[in-house]
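Numbering (the numbering used here), first residue to last: 2 to 587.
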């Protein structure tokens with residue numbers, strides 16, 4: 002290993018790599034060779050036949066700076082012209098496009114598999130499309146994955162340096178024009194924040210499509226509440242044919258529970274160091290990626306950055322034909338020097354969610370939130386359970402038991418006129434835990450129609466019974482239900498250098514347990530919002546002792562809260578609990 006932080010990492014054995022040409026895709030058996038994939042070839046049943054010949058360089062060795070050898074597949078046009086490269090950096094298996102786990106996933110979501118060639122690495126660009134348009138697609142197996150040497154690390158400086166080395170290796174190849182881009186969704190997005198911050202000389206642009214940016218705040222301890230479940234789901238992708246080890250974040254969570262530990266500081270991306278053009282894709286709905294994507298967009302050091310906020314889940318967005326064509330305009334402009342007017346694209350395009358089929362998308366703006374937005378406080382009325390512009394003169398506590406139904410309290414605001422919310426909501430709560438020294442608080446903003454029905458919206462094509470089951474109390478990344486936030490009271494300390502009135506930020510560097518009868522202020526950041534309300538429709542803010550949204554994806558449990566006894570919410574007098582909403586003006 003080349004980075005010093007490796008000494009602080011915790012490792013476990015990687016999972017075995019099953020090299021049978023099925024488990025990890027039909028092209029997974031290891032063999033360093035060059036071949037031509039002919040037009041009309043169907044890589045596997047159910048996938049799109051190739052529309053043109055593709056030159057494939059299979060299992061190409063790449064030497065990293067510490068002597069570790071990783072392997073990559075390279076897909077090229079059948080041409081002698083040097084081309085730019087699109088890089089898909091992740092642990093997800095360079096040849097796994099036809100793997101059963103991914104076929105089943107896309108079928109479950111209603112996306113299917115016929116949209117792609119089967120050469121597509123999970124969450125990555127389809128080589129069949131991009132090679133037709135003058136690009137190479139480079140799919141590496143990162144350190145410790147499959148036949149690549151070394152031990153796998155997860156996020157941080159080791160991946161960043163390895164990605165740097167791959168980019169500079171690409172630039173030296175005879176098929177390369179010296180320009181490269183990082184692209185892809187989820188893991189392939191958040192790896193971009195780390196790699197691009199090292200500023201490899203031959204990295205030209207990036208295209209992060211929804212990806213977290215802080216291993217502590219966005220993944221392991223969201224709101225200071227530990228959650229190992231999704232991390233364990235990610236870890237099963239760390240498979241090795243060489244008996245490698247894998248960095249075990251769950252062990253690191255136990256060994257270093259605070260964000261100021263060196264292991265977690267290494268997993269905080271610094272987008273301010275990124276100076277190259279960036280086309281950033283975000284949504285309001287992804288409960289794993291939204292916070293990190295918007296935070297990274299705000300911090301980006303590039304003067305040439307574009308933000309598009311869509312209204313779907315990342316995979317149907319990324320592979321939509323029209324969106325692929327738009328992405329090609331961005332790449333063509335910077336990687337092929339085509340004068341296609343890309344720089345006239347609005348710096349920000351955002352969506353407004355109306356639910357019930359009346360969303361508005363691609364609304365241009367110069368910033369997010371748009372400059373017409375004003376933040377307005379709505380105070381909690383404990384007697385009517387409503388939100389109001391003026392605070393109550395005296396404190397009237399509201400109580401709920403944490404381990405019985407309903408385990409929550411809520412407040413509502415019915416709008417008299419059409420109202421648009423765009424930007425960053427937050428909530429400030431003065432709370433007390435009776436009979437315990439801590440509390441986990443979960444907040445959810447809902448939209449109710451004029452009849453009082455709670456509205457939500459699928460962001461994937463499948464709306465069938467199985468998806469209804471999965472998403473009713475879980476699989477929150479597949480069904481948008483409104484803005485959300487969470488905070489553990491003992492982790493409430495604000496980072497003075499980072500916090501603003503609009504956007505609270507936590508240091509997570511200390512544990513401040515609650516004393517008996519202690520009332521504490523909880524400033525809870527909520528996920529960005531773009532939501533419309535018509536006259537007669539209602540906003541409900543739910544304050545709960547449990548994660549009402551549930552897990553991120555099907556089959557994975559959500560965070561388990563640490564709550565006991567009664568939560569007491571204070572609402573008036575010196576305890577001015579309020580919800581702050583970003584309201585669009587004229």
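The beta carbon of each residue, even a glycine, is placed where N, CA and C say it ideally should be. This one's a predicted model, so the numbers in the text were calculated from it and none came from an experiment.
### Task
Could you work out which residue in 324, 329, 94 and 485 is closest to residue 553 when comparing CA atoms only?
Translated into the one-based positions of the chain shown, residue 553 becomes position 552. For the residues 324, 329, 94 and 485, the minimum Cα distance to residue 553 belongs to 485.
### Task
Count the other C-beta atoms from every protein chain shown that fall within 10 angstroms of the C-beta of residue 461, then say buried if there are 16 or more, exposed otherwise.
Taking the first residue of the chain shown as 1, we reach residue 461 at position 460. With 16 or more other Cβ atoms from the protein chains shown falling within 10 Å of its own Cβ, residue 461 counts as buried.
### Query
In this structure, what does DSSP give as the bridge partners for residue 149?
In the chain shown, the residue the question calls residue 149 occupies position 148. In DSSP, residue 149 forms no bridge with anything.
### Which residues DSSP lists as bridging residue 265, in chain order
For the purposes of this step, residue 265 is taken as the residue at position 264 of the chain shown. Residue 265 is not bridged by DSSP to any residue.
### Task
Note the first and the last residue of the continuous alpha helix (DSSP H) segment covering residue 614.
Residue 614 is absent from the model: the chain starts at 2 and stops at 587.
#### Entry: For residue 580, the first and last residue of its enclosing beta strand (DSSP E)
Position 579 of the chain shown, counted from the start, is the residue given in the question as residue 580. Residue range 579–585 is occupied by the beta strand (DSSP E) that includes residue 580.
#### Entry: Under the three-state DSSP convention, the category residue 272 falls into
Along the chain shown, one-based indexing puts residue 272 at 271. Of the three classes helix, strand and coil, the one that applies to residue 272 here is helix, per DSSP.
### Message
Does the stretch 411–425 come into contact with the stretch 366–373, if we say contact requires no fewer than three beta-carbon pairs (one atom in each stretch) closer than 8 angstroms?
### Response
Between the stretch 411–425 and the stretch 366–373, the count of C-beta pairs closer than 8 angstroms reaches three or more; the two stretches touch.
### Query
Looking only at C-alpha atoms, which of 111, 339 and 4 sits nearest to residue 313?
Residue numbering aside, residue 313 sits at position 312 when the chain shown is read from its first letter. Nearest neighbour of residue 313 by Cα position, chosen from 111, 339 and 4, turns out to be 111.
### Message
Output needed for residue 355: all residues of its chain with C-beta closer than 6 angstroms, excluding positions within five of it in sequence on either side, in chain order.
### Response
Numbered from 1 along the chain shown, position 354 holds the residue referred to as residue 355. Only 533 meet the Cβ criterion.
### Residue from 324, 159 and 504 whose Cα sits closest to the Cα of residue 525
Taking the first residue of the chain shown as position 1, residue 525 is located at position 524. Here the closest residue by C-alpha is 504.
### Message
Buried or exposed for residue 1, going by 16 or more other Cβ atoms inside 10 Å?
### Response
Because the chain here runs from 2 to 587, residue 1 falls outside it and cannot be looked at.
### Query
Which of the three DSSP states, helix, strand or coil, is assigned to residue 443?
Here residue 443 refers to the residue found at position 442 of the chain shown. Secondary structure of residue 443 (DSSP, three-state): strand.
### Query
Whose C-alpha, out of 182, 216, 254 and 218, is nearest the C-alpha of residue 201?
In the chain shown, counting from the first residue as 1, residue 201 sits at position 200. The option with the nearest alpha carbon to residue 201 is 182.
### Query
Quick one: what's got a C-beta closer than 7 angstroms to residue 90's C-beta in the same chain, skipping five residues either side?
Your numbering for residue 90 matches position 89 in the chain shown. So the qualifying residues of the chain are 141, 143, 164, 183, 189, 192 and 196.
### Where the beta strand (DSSP E) containing residue 66 begins and where it ends
Translated into positions along the chain shown, residue 66 becomes position 65. Boundaries cannot be given for residue 66, as no beta strand (DSSP E) includes it and DSSP labels it neither H nor E.
### Query
Between the stretch 528–544 and the stretch 404–413, do three or more beta carbon pairs fall short of 8 angstroms?
The answer is yes - the stretch 404–413 touches the stretch 528–544, with three or more Cβ pairs under 8 angstroms.
### Message
Just to confirm before moving on: does the CB-CB distance between residue 482 and residue 550 stay below 8 angstroms?
### Response
The residue you call residue 482 lines up with position 481 of the chain shown. The residue you call residue 550 lines up with position 549 of the chain shown. Contact flag set, yes.
### Cα-Cα separation between residue 380 and residue 476, rounded to whole angstroms
By 1-based counting over the chain shown, the position of residue 380 is 379. By 1-based counting over the chain shown, the position of residue 476 is 475. Between residue 380 and residue 476, the alpha-carbon positions lie close to 31 angstroms from each other.
### Message
My output table needs one value for residue 366: the three-state DSSP class, helix, strand or coil.
### Response
The residue labelled residue 366 in the question sits at position 365 within the chain shown. Three-state result, residue 366: strand.
### Task
Using a threshold of 8 angstroms, state whether the C-beta atoms of residue 72 and residue 62 are closer than that.
Here residue 72 is taken as the residue at index 71 of the chain shown, counted from 1. Here residue 62 is taken as the residue at index 61 of the chain shown, counted from 1. In terms of Cβ geometry, residue 72 and residue 62 form a close pair [threshold 8 angstroms].
### Task
Take every Cβ of the stretch 311–325, pair it with every Cβ of the stretch 237–245, and state whether three or more of those distances are shorter than 8 angstroms.
Not touching, per the Cβ criterion.
### Query
Is DSSP giving residue 341 helix, strand or coil here?
Walking along the chain shown from the start, residue 341 turns up at place 340. In the structure shown, residue 341 sits in coil (DSSP, three-state: anything other than H, G, I, E or B).
### Query
For the putative contact between residue 230 and residue 555, defined by C-beta atoms under 8 angstroms, what is the C-beta separation to the nearest angstrom?
Locating residue 230 in the chain shown gives position 229, where the first residue counts as 1. Locating residue 555 in the chain shown gives position 554, where the first residue counts as 1. Wrong, their Cβ atoms sit about 12 angstroms apart, outside the cutoff.
### Query
Leaving out five residues before and five after residue 34 in sequence, what residues of the same chain have Cβ atoms less than 7 angstroms from its Cβ?
Working through the chain shown from its first residue, we reach residue 34 at position 33. The answer, listed in chain order, is 59.
### Query
Does the Cβ of residue 127 have 16 or more other Cβ atoms within 10 Å, making it buried, or fewer, making it exposed?
Taking the chain shown and counting its residues from 1, the one referred to as residue 127 is at position 126. Per the 10 Å Cβ criterion, buried.
### Message
Tell me which residues share the same chain as residue 325 and place their Cβ nearer than 6 angstroms to its Cβ, disregarding the 5 neighbours each side in the sequence.
### Response
Taking the first residue of the chain shown as 1, we reach residue 325 at position 324. Contacts found: none.
### Message
I believe residue 282 touches residue 299 by the beta-carbon criterion, under 8 angstroms. Please report the beta-carbon distance rounded to the nearest angstrom.
### Response
As a first step, residue 282 must be located in the chain shown, where it is residue number 281. As a first step, residue 299 must be located in the chain shown, where it is residue number 298. At roughly 15 angstroms, the Cβ-Cβ gap does not stay under 8 angstroms, so residue 282 and residue 299 are not in contact.
### Query
Looking at the unbroken beta strand (DSSP E) that takes in residue 400, where does it start and where does it end?
Residue numbering aside, residue 400 sits at position 399 when the chain shown is read from its first letter. Residue 400 -> beta strand (DSSP E) spans 399–402.
### residue 76 versus residue 123 - alpha carbon distance
Within the chain shown, the letter at position 75 stands for residue 76. Within the chain shown, the letter at position 122 stands for residue 123. Cα to Cα, the separation comes out at about 15 angstroms.
### Query
Since residue 187 contacts residue 290 with CB under 8 angstroms, what's their CB separation in whole angstroms?
Against the chain shown, residue 187 aligns to sequence position 186. Against the chain shown, residue 290 aligns to sequence position 289. Cβ atoms of residue 187 and residue 290 come within 8 angstroms of each other, at about 7 angstroms.
### Query
What did DSSP end up calling residue 6 once you bin it into helix, strand or coil?
Mapped onto the chain shown, residue 6 falls at position 5. Looking at residue 6 - three-state DSSP - the assignment turns out to be helix.
### Query
Nearest to residue 81 by alpha carbon, out of 51, 175, 328 and 494?
The residue you call residue 81 lines up with position 80 of the chain shown. Scanning 51, 175, 328 and 494 for the CA closest to the CA of residue 81 turns up 175.
### Entirely enclosed beta strand (DSSP E) segments - the stretch 459–510, minimum 3 residues
Here the runs fully enclosed are 485–489.
### Task
Give, in chain order, every unbroken run of the alpha helix (DSSP H) that is at least 4 residues long and sits entirely within the stretch 167–245.
Segments of the alpha helix (DSSP H) lying fully in the stretch 167–245: 188–198 and 230–236.
#### Entry: Assigned secondary structure, residue 109 (DSSP; H/G/I helix, E/B strand, else coil)
One-based indexing of the chain shown puts residue 109 at position 108. Judged by DSSP in its simplified three-state form, residue 109 adopts helix.
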